[in-house]
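Peer 1: Please see the structure below; I have some questions.
Residue numbers (the working numbering), protein chains in the order written: chain R, -2 to 318; chain H, -2 to 318.
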């Protein structure tokens, strides 16, 4: 059994190479560029962890892990275009550096390359792996589309936001674990549990992300506080407050969102606190973390095999004390 | 055995349905929209023809034909963004109608949906089919990138242009036929011949396309003549003329391309004629058409099985008389 950190090291070593042909470098250099910006590699390592939960790591798991990481980077390239983001991990985004047209194509080529890696695996699991990969890939696109739709929607309900977040960020984590579990020979019920573990963990992580953007310690999380508030982003905090505040506070919040005064962040934070959105959000996060861990309980393998996933859950999501 | 027209009817009947889920309609309606603009459906019908050259049509061929048509439409959506094209088949392009971000995502979802159809086929040919599909998909992206690169390149050689055109437009026709041949149980050498038939035919068609844009009959081809000349597009005619004209004529051509006078089209056409680019282009087209038909000769099946492909070749490419 390996810890997350050990598996990360093993994966990085295999992944740290050129994944594209040398020719037509005007297409493939931009694709390779974003891979060089690194990243946490949580998803590909989750493929390996999903495998190792049930059996020793099958060489095919590395192909799938690579495919998952390429898919993730494909979605980053295209999302950055849509979000008009100038920077990613402190470096120029692909479209900023190489132009939008090339970024669209480099993303396309990255997605196709992901399938190239999937096709390398032995035939016995190929169909099942591709089906889960395709289903997840479409869900991630749906999540991104809903996220864009919500920017133009005034009222987004908690359920709608939860669904969007699940599609946009959680299903890929969940599927990564299940893809590994399939290769590890897990039976269907265990595949389901490990998928649900990942899905709930992903949601908990996103709730924490929303919370930290408002109430985090800027020096600890390495970015300015209140970015979501300034951009009027729908977040768990915002949606809870809009749904539960008194009519007077709701009006005040909407006024702040329209008028953007210089003390907008402080005032919105105060409204969040007044409506107890902060403690509610922390409880919600704990609820999803617990739900994730509960799914692990239901998997019939030795407790020691689960230890790395339990540690991963606690390192990604800090429990509220 | 069926003619192209008969197979087109069979394919259209199966293809004429919604290919995407009903929910997240803001993503999938735009994807479905472009499919409703129809098109010649040459590529998916070629899958069926490639199959029927060797055996009765296998139900899996329809899944592959659908995947090929979805892939083609994915590339159209993304290419139209890059080319800033307002219209496609006389209707608004996806990005014009739904915005660029949605068009990027709808293309992505279309590509993933293509793989969904491929995964439906029986496992015995799945790996081989996916490998050819992936290889071709990447080549199409490379072709589009090279086409964009050439817009910024002053000197593009004949070989470079031929390579770009082959990647951008011919390999998908070639692969469609081979994908069908694989499903039809063709052996490797026959798969190769049918691929090369499609590749050469695609090149001949593109040469004809370049020729007609300059020397065609506007009322017959249904568009204005000289669009490529006005846009200074590198075409077979232009490249031949730039490579073979006397220094004086080369200078004159470059001047016309820079200064864009009102009689640019006539004057460039005259230069093409002076350098015999028109007859050279027609000979080149015939050469590739002959090369395509020669590949068919080398396939060891009854001549009657080849008849529909021979007719397709002659209907796509008119021989110079």
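Cβ coordinates follow ideal geometry from the N, Cα and C atoms, glycine included.
(1) Return no unless some Cβ of chain H is closer than 8 Å to the Cβ of residue 120 of chain R.
(2) Just verifying my parser: in three-state terms, what is the DSSP assignment at residue 145 of chain R?
(3) Using C-beta distances below 7 Å, list every residue in its chain close to residue 152 of chain H, excluding the 5 sequence neighbours before and after it, in chain order.
(4) For residue -2 of chain R, which three-state DSSP category applies?
(5) According to DSSP, is residue 66 of chain H helix, strand or coil?
(6) Taking all protein chains shown into account, do 16 or more other C-beta atoms lie within 10 angstroms of the C-beta of residue 312 of chain R, making it buried, or fewer, making it exposed?
(7) Would you call the stretch 260 to 267 of chain H and the stretch 224 to 243 of chain H in contact, with 3 or more CB pairs under 8 Å?
(8) State buried or exposed for residue 301 of chain H, treating a residue as buried only when at least 16 other CB atoms are found within 10 Å of its CB.
(9) Could you tell me whether any Cβ in chain H is nearer than 8 Å to the Cβ of residue 112 of chain R?
(10) If we count the other Cβ atoms within 10 Å of its Cβ and call it buried at 16 or more, is residue 245 of chain R buried or exposed?
(11) Nearest CA to the CA of residue 157 of chain H: which residue from H/95, H/193 and H/233?
(12) Who are the near neighbours of residue 331 of chain H in its chain, counting only those whose CB is closer than 7 Å to its CB and skipping five residues on each side?
(13) Can you tell me where the alpha helix (DSSP H) holding residue 252 of chain H begins and where it ends?
(14) Measure the C-alpha to C-alpha separation of residue 2 of chain H and residue 50 of chain H and round it to an integer number of angstroms.
(15) What residues in the stretch 139 to 172 of chain R bring their beta carbon closer than 8 Å to a beta carbon of chain H?
(16) Quick check: is the beta carbon of residue 24 of chain R nearer than 8 Å to any beta carbon in chain H?
(17) Looking only at DSSP bridge pairs, what is residue 10 of chain H linked to?
(18) Does the distance from the CB of residue 162 of chain H to the CB of residue 205 of chain H come in under 8 Å?
(19) Does the pairing of the stretch 104 to 117 of chain H with the stretch 118 to 132 of chain R give three or more beta-carbon distances under 8 Å?
(20) In angstroms, rounded to a whole number, what distance separates the CA positions of residue 59 of chain H and residue 120 of chain H?
(21) Compute the beta-carbon to beta-carbon distance between residue 136 of chain H and residue 164 of chain H, rounded to the nearest angstrom, for a pair I have assumed lies under 8 Å.
(22) Considering only residues of the stretch 123 to 167 of chain R, which uninterrupted alpha helix (DSSP H) runs meet the minimum length of 4 residues and lie entirely inside it, listed in chain order?
(23) Any idea which residues DSSP pairs residue 84 of chain H with across the strands?
(24) For residue 243 of chain R and residue 271 of chain R, what's the separation of their Cα atoms in angstroms?
(25) Measure from the C-beta of residue 67 of chain R to each C-beta in chain H and report whether the shortest distance is under 8 Å.
(26) Consider the Cβ of residue 134 of chain R: report whether some Cβ of chain H lies at a distance smaller than 8 Å.
(27) Just curious, the alpha helix (DSSP H) that residue 99 of chain H is in, first and last residue?
(28) Within 8 Å, do at least three Cβ pairs link the stretch 55 to 72 of chain R to the stretch 84 to 91 of chain H?
(29) For residue 167 of chain R, is the classification buried or exposed, using 16 other Cβ atoms within 10 angstroms of its Cβ as the cut-off for buried?
(30) In chain order, which continuous runs of the beta strand (DSSP E) of length 3 or greater are located wholly inside the stretch 164 to 245 of chain R?
(31) Determine the DSSP secondary structure at residue 284 of chain R, reduced to helix, strand or coil.
(32) Quick one: what does DSSP say residue 270 of chain H is sitting in, helix, strand or coil?
(33) Exposed or buried, what is residue 18 of chain R when buried is set at 16 or more other beta-carbons lying within 10 Å of its beta-carbon?
(34) To be precise: take each residue of the stretch 70 to 86 of chain R, compare its Cβ to all Cβ atoms of chain H, and keep it if any distance is under 7 Å. Which residues remain?
(35) By how many angstroms is the C-alpha of residue 100 of chain R removed from the C-alpha of residue 249 of chain H?
(36) Measure the C-alpha to C-alpha separation of residue 186 of chain H and residue 145 of chain R and round it to an integer number of angstroms.
Peer 2: So, from the data block:
(1) yes
(2) helix
(3) none
(4) coil
(5) helix
(6) exposed
(7) yes
(8) exposed
(9) yes
(10) exposed
(11) H/233
(12) Since the first residue shown for chain H is -2 and the last is 318, residue 331 of chain H is missing from the structure and cannot be characterised.
(13) 244 to 256
(14) 16 Å
(15) 139, 141, 142, 143, 145 and 146
(16) yes
(17) In the DSSP output, where bridge partners are listed per residue, residue 10 of chain H has none listed.
(18) no
(19) yes
(20) 15 Å
(21) 5 Å
(22) 155 to 162
(23) H/89
(24) 10 Å
(25) no
(26) yes
(27) 97 to 116
(28) no
(29) buried
(30) none
(31) helix
(32) helix
(33) exposed
(34) 75, 78 and 79
(35) 37 Å
(36) 49 Å
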